[in-house]
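Colleague:
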Amino acid sequence: MATAAATTTTTTTTTTTTTTSQAMPPTRPSAAEAPQPQSPQHALSALQTLIDASHASDPDPDPGASPKDAAPPTHPRHLHDLALQVLHNLQHQHRWTSLRIHTHSCGASPTWKNTAPRLLPRPLLSGLPPQRLYIHPDEQIALLQAQKDRGEGEKQQQQGLALGGDKVRAEREWVCPSQLREKWSLRRFGEVFDGIGVVPPDEDEDEEEQEGKESEWRTTKRVLLATVDDDSTVVYYIVHDGIVKPRQN
1 MATAAATTTT
11 TTTTTTTTTT
21 SQAMPPTRPS
31 AAEAPQPQSP
41 QHALSALQTL
51 IDASHASDPD
61 PDPGASPKDA
71 APPTHPRHLH
81 DLALQVLHNL
91 QHQHRWTSLR
101 IHTHSCGASP
111 TWKNTAPRLL
121 PRPLLSGLPP
131 QRLYIHPDEQ
141 IALLQAQKDR
151 GEGEKQQQQG
161 LALGGDKVRA
171 EREWVCPSQL
181 REKWSLRRFG
191 EVFDGIGVVP
201 PDEDEDEEEQ
211 EGKESEWRTT
221 KRVLLATVDD
231 DSTVVYYIVH
241 DGIVKPRQN
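Numbering (the UniProt record's numbering) for the sequence shown: 1 to 249.
1) Less than 8 Å between the CB atoms is what I'm expecting for P121 and V192, so what's the real figure, rounded?
2) Taking a contact to mean a Cβ-Cβ separation below 7 Å, would you say P123 touches H78 in this structure?
3) Give a yes or no on whether the C-beta atoms belonging to V168 and R218 are separated by under 7 Å.
4) How about A142: is its C-beta nearer than 7 Å to some C-beta of chain B?
5) In the DSSP assignment, find the alpha helix (DSSP H) that holds G190 and state where it starts and stops.
6) Buried or exposed: where does P246 fall if 16 or more other Cβ atoms within 10 Å of its Cβ makes it buried?
7) Is the beta carbon of R95 less than 7 Å from the beta carbon of L128?
8) So, helix, strand or coil for L180, using DSSP?
9) Under three-state DSSP, which class holds P26?
10) Quick check: what's the CA-CA separation for Q140 versus A146?
11) In the DSSP assignment, find the unbroken beta strand (DSSP E) run with A83 in it and report its ends.
12) Using a Cβ-Cβ cutoff of less than 6 Å, which residues in the same chain neighbour L82 once the five nearest sequence positions on both sides are dropped?
13) Taking the straight line between their C-alpha atoms, what separation do you get for H92 and S185?
14) Which residue wins for smallest C-alpha separation from P99, given the options P200, F189, K221 and Y237?
15) Please return the same chain residues whose Cβ sits closer than 7 Å to the Cβ of Q85, not counting the five positions on each side in sequence.
16) Tell me the residue span of the alpha helix (DSSP H) that contains P137.
17) Where does the unbroken beta strand (DSSP E) through P246 begin, and where does it stop?
18) At what residues does the beta strand (DSSP E) containing S126 begin and finish?
19) P26 and A223 - do their beta-carbons sit closer together than 7 Å?
20) In angstroms with no decimal places, state the Cα-to-Cα distance between P130 and N89.
21) By the three-class DSSP mapping on this structure, what secondary structure does A56 have?
22) Going by C-alpha distance, which of T97, L225 and S45 is nearest Q179?
23) Return the chain-ordered list of same chain residues with a C-beta closer than 6 Å to the C-beta of S215, the five sequence neighbours on each side being excluded.
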């Protein structure tokens, strides 16, 4: 999973600013995951099995149900299936772990701490990549200086940063599934950022453990925009909430 950004675009307005950069190379489904013609002798793909299992566990609401008995509002089925497709890609193509699907706001701004969870604009994912996707420029300088002070060579410094060594620990990331034909605006990105916190919550750790692992350099919200094409190709871009300091090459 490459961490270098191919292109970077910064857009500034008086309301919301987002910065995007390509995070990972596009992936196409392998031959084993490519759609296959259905036949009585042919088993469903792993992705279709995952989606069918989700439908079975969460059937569509009864249209004849009264408002009193109706379940809380949820997202349209196609958005949930899109999230499952991206989750499957991250897990099997990019070796992500601890993947979760989030449908309601969690870990958001301090003003929302004592309020009921709100339905997100769409299902979001969170997970742990095998190595760091983004290094803050100031953190990069500090790491290089620390390695220089220890007398490590320039080649070792570059490898330590590029390969995600023990000094550059992987961090949990937010992932926003999207379709290539969707049209995004600053308002839509703002709605996504309003429902999340800087760092995704980890259900396996308590609040104190999570606070102990938070990086001092991670102060801006960011999401990984997963763009899915009709042929199942997925391209990932890092989108920041606001203007960020340029990377040092």
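Even for Gly, the Cβ is constructed at its ideal location relative to N, Cα and C.
Modeller: In short:
1) Indeed, because the Cβ distance is near 6 Å, the residues count as touching under 8 Å.
2) Going by beta carbons, P123 and H78 fall outside the 7 Å limit.
3) Contact: no.
4) Absent from the structure: chain B. Only one protein chain is present.
5) Note, G190: alpha helix (DSSP H), L186 to D194.
6) Under this definition P246 is an exposed residue.
7) The answer is no: Cβ separation not under 7 Å.
8) In the three-state DSSP reduction, L180 falls in the coil class, being neither helix nor strand.
9) Here P26 sits in strand by DSSP.
10) The straight-line gap separating the alpha-carbon atoms of Q140 and A146 is approximately 10 Å.
11) Looking at the DSSP string, A83 is not in any beta strand (DSSP E); the run it does join, the alpha helix (DSSP H), is R77 to Q93.
12) Cβ neighbours of L82 beyond the five flanking positions: P177.
13) Each residue's Cα considered, the two are about 30 Å apart.
14) The sequence shown places Leu at residue 99, not Pro. Here the closest residue by C-alpha is P200.
15) So the list reads L47 and V228, once near-sequence residues are dropped.
16) For P137, the uninterrupted alpha helix (DSSP H) run begins and ends at P137 to D149, by DSSP.
17) No beta strand (DSSP E) contains P246, which DSSP labels as neither H nor E.
18) DSSP places S126 in the uninterrupted beta strand (DSSP E) bounded by L119 to L128.
19) Sequence check: residue 223 is Val here, not Ala. The criterion of a C-beta distance shorter than 7 Å is not satisfied by V223 and P26.
20) In this model, P130 and N89 are separated by some 14 Å (Cα to Cα).
21) Of the three classes helix, strand and coil, the one that applies to A56 here is helix, per DSSP.
22) Minimum Cα distance to Q179 is reached at L225.
23) Same-chain partners within the cutoff: there are none.
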